[in-house]
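Working notes for the structure below.
Residue numbers (the working numbering): 75 to 847.
In structure tokens form, the structure reads like this:
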């Protein structure tokens, strides 16, 4: 895999994580002396958390010190040592000795100079010293971790290497409105290159956001910058960066895509059981690694992403690089950590379930000591394995499946059907895996803006007489019957997005009353040729970032306003449900390798039976990228390469969840079933077709897109996800758990609990990127 050498995937992706397992080497003396093991590579960490900023114009934060404490605890479990001056210090950051391998800089200490000097002296110099003293190669070097939690921002790109024309920055505690003391991603990229001379055991973790307009639940972790005439959403002219760097020696994990928000919210501390503010990515990364300590990066980022998305957070955690390496190189056999049922002794024997006789069979209601914290969400599917099962994927030792019917932070209940009717009592040591935390019973909350005429200030502005508000009331009434949406009355939403202080938002998606001028200020798209007048009033959709979704705008005078908004909201639900669809039990998604390959151009060799080749080969600009955190521009061309390492033959379906809100089928062609054999690969570009995907300027909508790959041992009608009518027409064809779930996603109508939805016969892969212009 190749990435930009300058920093394209360093700070912009919000994290770089890479710690390799350093195996001890042996020296054998030529004089027959005893063997001696080389010194174990030391581990050094620098953790930065900034709650307080010197500038009065930069909002204070409240959760970054808590993030530092969580990350310190995790790193200690992985062998990073902290020496405190005051034993048992209760401060989240602590005061370390001069020789402490793990150091912190918090708030006032975390100035620009303080951060860069500590990086140079504590991380680079210690890595250099260990290599010099032990004459070790970089892959035997010290393990290095840099962690940052605080504000992020953007500044105009100063060397033309950013597709969106913006450098991402960290905001030290002594920074200002102009960003004159911000730390650019270029500066951290340069330090990464210096570190790589001495070690390849490098970890960068940055829990921050970089769009400049993004708020987090407990406060803003983003600092807006003014770039002359450049306003939010109006990007500077991008330039291509041809400097490519092999990235097989580390893994990058990001809190979000470049223009998304990374959120801070109240979470329950698993030790103290008290609520505290934490960054969502940090919280789930730490706690899910404790639940699954021997995960690969591919596995853990999927779990973190699902946990963040299932809580309604508008951010998309990412990973790039060697995703099949075990996280932090932890030793030992890697296997999933199972969940066990809660059992009680009754009349001399252990009872693990309440048996309920229902129509169609015997149901076991069980209690689990896991909850929302690790993705046990109401409506999610679980798989039940035999106590003897070691590989908690597949169906060989699966003895049942069920659905979670209720969950708190640390506990849940589920109803399970055992497939072996001979098993009367639920096994005490049965191993349980959360198969999919998605398609929950918790509806997405829609805030409906009941603000009246924005230009009037007298009696004429009464909302109940405003034509737009009357139509919004109609929309509210129709949404009450929705399976996935719940309306919430509110007003004045536009003003909330202009406030510098954090605003608590108890909704997931909003219908905002605004003028077309307001819409343009937040929208990333250029105005249309026949755009409305700037003072025309209407509505747009947004998530908690305040940025308009899908380039959708509708006039308040439009007769079909209510129907158009309902259709847009339902499309939003379909998109997000499909984006979050996952199956933890199959292992299929983890064993499929998916690469996005960008190319400069191609030629069609045969129009009748399409065959293609890149041309001219000498000028081919190609980039294989499995980072899932890249940016594409108008005019870019790419194709996909999928390698099947699952041990079974699969039907492959690839969809684009586009920034304009549409779901498009990319592969295979309509009405075609194409099987990808085990141990084989397929290119969507090649002799069997010209499936090159093109970012067409005339259809351009900036924002997040997801390529969703669904792999299954059975075929299904590929068009059912692009057309709800096709899904509806399936009628009684609901025998497959996968088809049941996909039908629910396509029609926005919830069916009965899908027992067995955890079947091991299907899996998914997400590939996220941004369209930047």
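Glycine included, C-beta positions come from ideal geometry on N, C-alpha and C.
Query - Nearest-angstrom beta carbon gap, residue 355 and residue 382 [assumed within contact, 8 Å] - result: Along the chain shown, read from residue 1 onward, the residue named residue 382 stands at position 308. Along the chain shown, read from residue 1 onward, the residue named residue 355 stands at position 281. Yes, they are in contact, since the Cβ atoms of residue 382 and residue 355 sit about 7 Å apart, within 8 Å.
Report task. For the segment 668-675 and the segment 708-722, state whether three or more C-beta atom pairs, one from each stretch, are separated by less than 8 Å. Result -> Contact holds: three or more Cβ-Cβ distances are below 8 Å.
Requested in this report: Would you tell me roughly how many angstroms separate the C-alpha atoms of residue 646 and residue 669, rounded to the nearest one?
Outcome: Numbered from its first residue, the chain shown carries residue 646 at position 572. Numbered from its first residue, the chain shown carries residue 669 at position 595. Cα to Cα, the separation comes out at about 27 Å.
Query - Host beta strand (DSSP E) of residue 147 (start-end) - result: Residue numbering aside, residue 147 sits at position 73 when the chain shown is read from its first letter. No beta strand (DSSP E) contains residue 147, which is instead part of the alpha helix (DSSP H) from 138-151.
Query - Residues sharing a beta bridge with residue 561, DSSP - result: Along the chain shown, one-based indexing puts residue 561 at 487. 520.
Query - CB of residue 793 within 8 Å of CB of residue 739, strictly - result: Taking the first residue of the chain shown as 1, we reach residue 793 at position 719. Taking the first residue of the chain shown as 1, we reach residue 739 at position 665. If you check the CB distance, residue 793 and residue 739 come in under 8 Å.
Query raised in the report: Which residues does DSSP pair with residue 613 in a beta bridge?
Result: The residue given as residue 613 occupies position 539 in the chain shown. For residue 613, which the question treats as bridged, DSSP gives the partners 587, 628.
Query raised in the report: Do you know how far the Cα of residue 526 is from the Cα of residue 593?
Result: Residue 593 sits at position 519 when you count from the first residue of the chain shown. Residue 526 sits at position 452 when you count from the first residue of the chain shown. Cα to Cα, the separation comes out at about 17 Å.
Query raised in the report: How is the beta strand (DSSP E) around residue 230 delimited, first residue to last?
Result: Numbered from its first residue, the chain shown carries residue 230 at position 156. In the DSSP assignment, residue 230 falls within the beta strand (DSSP E) that extends over 226-230.
Query - Rounded separation between residue 415 and residue 444 - CA only - result: Counting from one through the chain shown, the residue named residue 415 turns up at place 341. Counting from one through the chain shown, the residue named residue 444 turns up at place 370. Taking the straight line joining both Cα atoms gives about 10 Å.
Query raised in the report: If you draw a straight line from the C-alpha of residue 596 to the C-alpha of residue 622, how long is it?
Result: If you number the chain shown from 1, residue 596 lands on position 522. If you number the chain shown from 1, residue 622 lands on position 548. Taking the straight line from one Cα to the other gives about 6 Å.
Requested in this report: Return the CA-CA distance between residue 472 and residue 375, expressed in angstroms with no decimal places.
Outcome: Translated into the one-based positions of the chain shown, residue 472 becomes position 398. Translated into the one-based positions of the chain shown, residue 375 becomes position 301. Rounded to the nearest angstrom, the two C-alpha atoms are 25 Å apart.
Query - Whole-Å CB distance - residue 720 paired with residue 666, under 8 Å assumed - result: The count along the chain shown starts at 1 and reaches residue 720 at position 646. The count along the chain shown starts at 1 and reaches residue 666 at position 592. Right, the Cβ-Cβ distance comes to about 7 Å (below 8 Å), so this counts as a contact.
Report task. Could you check if residue 569 is buried or exposed, using at least 16 other CB atoms within 10 Å of its CB as the buried criterion? Result -> Against the chain shown, residue 569 aligns to sequence position 495. Of the other Cβ atoms in all chains shown, fewer than 16 fall within 10 Å of the Cβ of residue 569; this residue is therefore exposed.
Query - Nearest candidate by alpha-carbon position, reference residue 128, set 184, 118, 169, 143 - result: Looking up residue 128 in the chain shown gives position 54. Of the listed residues, the one whose Cα sits closest to residue 128 is 184.
Query raised in the report: Just to check, is the beta-carbon of residue 421 closer than 7 Å to a non-hydrogen atom of the ligand ATP?
Result: As for the ligand ATP, it is missing from this structure, which has no ligand bound.
Report task. Less than 8 Å between the CB atoms is what I'm expecting for residue 373 and residue 353, so what's the real figure, rounded? Result -> Locating residue 373 in the chain shown gives position 299, where the first residue counts as 1. Locating residue 353 in the chain shown gives position 279, where the first residue counts as 1. In this structure residue 373 is not in contact with residue 353, their Cβ atoms being roughly 21 Å apart against a cut-off of 8 Å.
Report task. Measure from the alpha carbon of residue 851 to the alpha carbon of each residue in 837, 776, 152, then state which is nearest. Result -> Nothing can be reported for residue 851, as the shown portion of the chain is limited to 75 through 847.
**Report entry** Distance, residue 489 Cα to residue 431 Cα
**Finding:** Looking up residue 431 in the chain shown gives position 357. Looking up residue 489 in the chain shown gives position 415. Taking the straight line from one Cα to the other gives about 11 Å.
Query - 8 Å Cβ shell around residue 349 - same chain, five flanking residues per side excluded - result: Position 275 of the chain shown, counting from 1, holds the residue named residue 349. For residue 349, where only same-chain residues beyond five positions count, the Cβ hits under 8 Å are 340, 341, 342, 343.
Report task. Could you have a look at residue 197 and say whether DSSP puts it in helix, strand or coil? Result -> If you number the chain shown from 1, residue 197 lands on position 123. DSSP, read as helix, strand or coil, puts residue 197 in helix.
Query - Buried versus exposed, by CB contacts within 10 Å (16 or more), residue 631 - result: Taking the chain shown and counting its residues from 1, one reaches residue 631 at position 557. Exposed: under 16 other Cβ atoms inside 10 Å.
Report task. Label residue 429 either buried or exposed according to how many other C-beta atoms from any shown protein chain fall within 10 Å of its C-beta, with 16 as the threshold for buried. Result -> Numbered from 1 along the chain shown, position 355 holds the residue referred to as residue 429. Counting Cβ neighbours within 10 Å, residue 429 comes out exposed, since fewer than 16 surround it.
Report task. Please look up how many angstroms separate the CB atoms of residue 478 and residue 451, rounded, as I've assumed it's under 8 Å. Result -> As a position in the chain shown, residue 478 is number 404, starting the count at 1. As a position in the chain shown, residue 451 is number 377, starting the count at 1. In this structure residue 478 touches residue 451 by the C-beta definition: roughly 7 Å separates them, less than 8 Å.
Query raised in the report: Could you give the residue range of the alpha helix (DSSP H) that holds residue 727?
Result: Residue 727 sits at position 653 when you count from the first residue of the chain shown. Counting along the chain, residue 727 falls outside any alpha helix (DSSP H), though it belongs to the beta strand (DSSP E) covering 724-731.
Report task. State buried or exposed for residue 836, treating a residue as buried only when at least 16 other CB atoms are found within 10 Å of its CB. Result -> Counting from 1 along the chain shown, the entry for residue 836 is found at position 762. With 16 or more other CB atoms across the displayed protein chains lying within 10 angstroms of its CB, residue 836 is buried.
Requested in this report: Using three-state DSSP, classify residue 404 as helix, strand or coil.
Outcome: Locating residue 404 in the chain shown gives position 330, where the first residue counts as 1. In this prediction, residue 404 has a pLDDT of 48, which is less than 50 and means its spatial position is unreliable; what the coordinates show is noted afterwards. Residue state, collapsed to three classes: coil.
Query raised in the report: Excluding the five sequence neighbours on either side, which residues of its own chain have a C-beta within less than 6 Å of the C-beta of residue 82, listed in chain order?
Result: Position 8 of the chain shown holds residue 82. Unreliable positioning characterises residue 82 in this predicted model, as indicated by a pLDDT of 33, which lies under 50. A coordinate reading is not provided.
Query raised in the report: Which of helix, strand or coil does DSSP assign to residue 347?
Result: Within the chain shown, the letter at position 273 stands for residue 347. Of the three classes helix, strand and coil, the one that applies to residue 347 here is coil, per DSSP.
Requested in this report: Look at the Cβ atom of residue 812, then the Cβ atom of residue 786, and state whether they are nearer than 8 Å.
Outcome: For the purposes of this step, residue 812 is taken as the residue at position 738 of the chain shown. For the purposes of this step, residue 786 is taken as the residue at position 712 of the chain shown. Cβ atoms of residue 812 and residue 786: closer than 8 Å.
Query - Contacting residues, own chain, Cβ-Cβ under 7 Å from residue 644 (five flanking each side not counted) - result: Counting from 1 along the chain shown, the entry for residue 644 is found at position 570. If we look at residue 644 and ignore the five residues flanking it on each side, its Cβ neighbours are 822.
Report task. On a CA-only basis, which of 463, 389, 497 is nearest residue 437? Give me that one, please. Result -> To locate residue 437, count along the chain shown from 1; it is residue 363. Cα-wise, what sits closest to residue 437 is 497.
Report task. Assess, as a yes-or-no matter, whether the segment 259-272 is touched by the segment 189-205 under the definition of 3 or more beta carbon pairs within less than 8 Å. Result -> Counting C-beta pairs closer than 8 Å gives three or more between the segment 189-205 and the segment 259-272, which meets the contact rule.
**Report entry** residue 355, enclosing alpha helix (DSSP H) - first and last residue
**Finding:** Within the chain shown, the letter at position 281 stands for residue 355. Unbroken alpha helix (DSSP H) run through residue 355: 354-365.
Report task. Please classify residue 133: does DSSP put it in a helix, a strand, or coil? Result -> Within the chain shown, numbered from 1, the residue matching residue 133 stands at position 59. In this structure, residue 133 counts as coil in the three-state DSSP scheme.
Report task. Assign residue 844 to one of two classes, buried (16 or more other C-beta atoms within 10 Å of its C-beta) or exposed (fewer than that). Result -> Looking up residue 844 in the chain shown gives position 770. So residue 844 ends up on the buried side.
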